[in-house]
Amino acid sequence: MTNMVYLVPIFIVLCAFAWIYLRWLKVRNYWAERGVPHLPPNPILGSLTFLQQKNAGVWMRHMYETFKTPYIGIWLFWRPALIINTPELARQVLTKDSANFRDRFVSGGDSDPIGKLNLFTVKDPDWTNIRRRLTATFTASKLRILQDYIRSKSKELAQRLKRERESRIHLKKLYSDYTTDVIGASAFGVTCDATLTGKSHLKTVAEEFSHYSILRGIGWSSLFFFPELVDVFRFKMFPKTSTDYFKRVFKAAVAQREANHGETGEPKDLLDALLKIKKESEERNEGYSEDFIVAQAAIFLSGGYDTSASLLAFLTYELAYHPEVQEKLYEHLLEAKNQNGSDDFTSEQLADMTYLNGVIKEGLRKYSPMSWLDRVAAEDYRIDDNLTIKAGTPVYVNGIGMHYDPDYFPDPDKFDPNRFLPENEKNIKSYTYMPFGEGPRICIGLRFGMMTVRFAMVSVFLNYKVVPFPGMPIPIDMTIDKRGIFYSPGEAICVEFIPRA
Ligand code: HEM
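Using the working numbering, read the sequence shown as starting at 12 and increasing by one per residue.
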């Protein structure tokens with residue numbers, strides 16, 4: 012009888028192990044049974060063994076180059092997911108059958124309303140509703156209103172360089188100061204001086220998003236790859252100090268705008284648009300909470316500042332190593348300045364500058380800040396004659412893999428803006444170049460981001476020549492942030508700035 016007391020728990024433990032083992036066998040054979048190419052999964056992490064060791068975009072490139080197949084089976088821990096590698100399948104998922112891929116897999120938890128309700132993570136039907144209303148704010152005509160402010164900030168960049176160029180300037184930091192000023196003013200109505208001074212409270216808050224700690228790393232990985240854990244451990248997309256600050260600033264901005272305008276009229280910037288949604292939702296009793304509105308401002312700041320700043324840093328770095336491209340860009344900008352009579356360009360003039368845009372687009376090809384596109388199948392979906400994926404399967408479109416495929420972009424490591432001159436750009440195959448994504452969930456800030464980057468490039472490259480800083484790696488040897496989900500420099504990259512006049 013005494014022996015039985017010990018045998019029962021041992022039996023239970025053995026049964027549990029046997030159950031887990033059988034489940035594991037099923038998981039492990041999942042893609043093999045379906046004839047889908049894959050690498051054997053790790054028993055705990057599945058295919059995510061690269062986390063914290065390799066940037067997710069670099070890993071995607073590696074997978075693309077290793078398999079060269081239309082799709083690859085992977086596991087997010089034990090959950091099967093699919094990487095898509097061809098333009099045809101990308102078009103299917105992102106556009107043609109987007110009704111079945113409305114949502115991203117990434118999710119915020121119930122304990123984190125700002126992380127859960129922002130446009131990037133929010134699920135349908137809220138997404139359709141909010142996206143429709145916000146889209147109107149990002150049209151070229153609405154953004155034109157912001158251009159004077161952005162231009163003045165870009166000129167401050169050149170002023171700052173005049174003061175600091177003798178010291179070692181950390182490119183990503185420099186440009187983050189500029190992009191937080193630009194987006195902070197547009198989304199939160201807060202005017203800051205980080206571009207000139209390198210300091211602002213909003214900048215400190217924005218930096219907290221990207222500040223790495225083991226816990227934040229685990230939290231972010233859960234948001235993207237294991238959302239069920241987010242609520243269990245109450246992980247947050249933005250640190251609490253940031254969301255508290257957002258709420259405070261937002262309240263102050265609302266009070267100030269309402270005092271100034273009385274009625275919230277036609278939106279002039281992102282903050283006005285958000286206030287309009289808040290007002291309409293109160294009138295219609297839609298129940299969009301203040302958190303819901305603050306969540307949109309927070310994602311504009313976090314989605315906008317880091318992407319544009321990384322891109323500007325990579326572009327400046329590449330140009331230092333490509334003097335011929337830089338000279339051509341300078342001549343092109345100088346000619347435009349002489350024709351215009353000043354360097355006070357409008358956003359339309361910048362959008363028409365073919366070489367400038369070629370340089371930026373080539374930067375976006377090589378260094379897409381968000382280098383893969385995340386979706387989840389709402390219902391079972393037929394990928395091709397051989398494969399149907401189950402409802403709930405995460406799907407990742409491997410944008411960066413295609414950006415580096417020599418069949419689409421010959422000599423892909425070469426920084427060559429000529430690829431994007433109008434006569435060549437028209438030959439680029441659709442859905443092989445997607446730095447802003449595609450389909451209904453394409454980046455809402457595309458025009459805003461491009462405008463911000465164009466103004467900065469003009470101000471910096473009309474006034475300065477950049478050359479490599481001694482001891483820095485050549486672009487191909489530069490490390491990409493190993494711990495990050497987004498493609499950004501993994502080290503402090505610097506160049507030397509030499510005044511043009
Ligand atoms: C160089 C700058 C930028 C790049 C490369 C970029 C890239 C992207 C990409 C690839 C996506 C995912 C698209 C998809 O899944 O199909 C995205 C989504 C998004 N981006 Fe951007 N972005 C940039 C700037 C901005 C800016 C300035 C803002 C805000 C003002 C912004 C706000 C967002 C938001 C809110 C989403 C989610 C849209 C939705 O799901 O409806 N981005 N971005």
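Built from N, CA and C at the ideal position, the CB exists for glycine as well.
Since the model is a prediction, treat every value here as computed from it, not as a measurement.
If I'm right that residue i touches residue j with Cβ under 8 Å, what's the distance once you round it to whole angstroms?
| i | j | result |
| --- | --- | --- |
| V406 | R386 | 5 Å |
| R179 | C454 | The pair is not a contact, with the Cβ atoms about 32 Å apart (cut-off 8 Å). |
| P423 | E373 | 11 Å between Cβ atoms; not a contact. |
| P48 | F78 | 5 Å |
| K279 | I400 | The pair is not a contact, with the Cβ atoms about 44 Å apart (cut-off 8 Å). |
| F149 | F459 | 6 Å |
| I496 | W231 | 6 Å |
| L323 | Y186 | 4 Å |
| R162 | D355 | 7 Å |
Would you list the one or two residues that DSSP bridges to residue i?
| i | result |
| --- | --- |
| K476 | I509 |
| L345 | DSSP output for L345 lists no bridge partner at all. |
| R179 | DSSP output for R179 lists no bridge partner at all. |
| G84 | H49, L93 |
| D1 | Because the chain spans 12 through 512 in this model, residue 1 falls outside it and cannot be assessed. |
| Y442 | In DSSP, Y442 forms no bridge with anything. |
| I400 | Y392 |
| I125 | Partner(s): none; I125 has no beta bridge. |
| P500 | I491 |
| G57 | N53, L87 |
Compute the Euclidean distance between the alpha carbons of residue i and residue j, then round it to the nearest angstrom.
| i | j | result |
| --- | --- | --- |
| S321 | Y498 | 8 Å |
| N111 | P81 | 20 Å |
| L282 | C26 | 58 Å |
| T229 | S379 | It should be noted that the sequence gives Ile, not Thr, for residue 229. Each residue's alpha carbon lies about 23 Å from the other. |
| P20 | D242 | 31 Å |
| V201 | I31 | 53 Å |
| K493 | K262 | 37 Å |
| L226 | I83 | 30 Å |
| G501 | F447 | 22 Å |
| P510 | V478 | 11 Å |
| L361 | K348 | 11 Å |
| F116 | N351 | 47 Å |
| F480 | H181 | 11 Å |
| G369 | A512 | 25 Å |
| R142 | E177 | 45 Å |
| S197 | V260 | 13 Å |
| V59 | T365 | For the record, residue 59 in the displayed sequence is Leu; it is not Val. Straight-line Cα distance between these residues: approximately 40 Å. |
| G120 | T254 | 15 Å |
| E239 | D416 | 35 Å |
| K440 | L345 | 32 Å |
| M74 | L62 | 14 Å |
| S118 | H414 | 27 Å |
| D462 | L312 | Residue identity differs from the one stated: residue 462 is Met in this sequence, not Asp. When rounded, the distance between both Cα atoms is 15 Å. |
| I146 | F28 | Looking at the sequence provided, one finds Thr at residue 146 rather than Ile. So the two alpha carbons sit approximately 52 Å from each other. |
| F325 | R268 | 37 Å |
| N96 | P486 | 25 Å |
| V24 | L18 | 10 Å |
| S218 | I85 | Note that residue 218 is Glu in the sequence shown here, rather than Ser. The straight-line gap from Cα to Cα measures roughly 32 Å. |
| K258 | E294 | 22 Å |
| D108 | R102 | 8 Å |
| P54 | D114 | 28 Å |
| R376 | I411 | 7 Å |
| Q158 | T357 | 7 Å |
| W138 | S152 | 24 Å |
| T252 | V216 | 8 Å |
| L154 | L285 | 15 Å |
| K164 | V469 | 12 Å |
Contact criterion: CB-CB distance below 8 Å. Does residue i meet it with respect to chain C?
| i | result |
| --- | --- |
| P20 | Structure shown: chain C not included; a single protein chain is present. |
Closer than 7 Å: is that where the CB of residue i sits relative to any heavy atom of the ligand FMN?
| i | result |
| --- | --- |
| S499 | No copy of the ligand FMN occurs in the structure displayed; its ligands are the ligand HEM alone. |
(message) Using a Cβ distance threshold of 8 Å, determine whether the region 299–313 contacts the region 429–445, with at least three qualifying pairs required.
(response) Taking a cut-off of 8 Å for Cβ pairs, the region 299–313 and the region 429–445 do not touch, as fewer than three such pairs fall below it.
(message) Taking 8 Å as the cut-off, does the region 161–180 touch the region 324–331 (at least 3 CB pairs, one atom from each stretch)?
(response) No: the two stretches stay apart, fewer than three of their Cβ pairs being nearer than 8 Å.
(message) Measuring CB atoms only, is the region 398–418 touching the region 91–106, in the sense that at least three cross pairs come out at less than 8 Å?
(response) Under the three-pair Cβ rule at 8 Å, the region 398–418 counts as touching the region 91–106.
(request) Report yes or no: do three or more beta-carbon pairs, one from the region 237–248 and one from the region 116–129, lie closer than 8 Å? (result) A contact is defined here as three or more CB-CB pairs under 8 Å, and the region 237–248 meets this definition with respect to the region 116–129.
(message) Across the region 40–47 and the region 465–475, are there enough close Cβ pairs to call them in contact, namely three or more that are closer than 8 Å?
(response) The region 40–47 makes no contact with the region 465–475: fewer than 3 CB pairs, one atom from each, lie closer than 8 Å.
(message) Count Cβ pairs between the region 450–466 and the region 289–306 that sit closer than 8 Å; are there 3 or more?
(response) They do not touch, by the three-pair rule.
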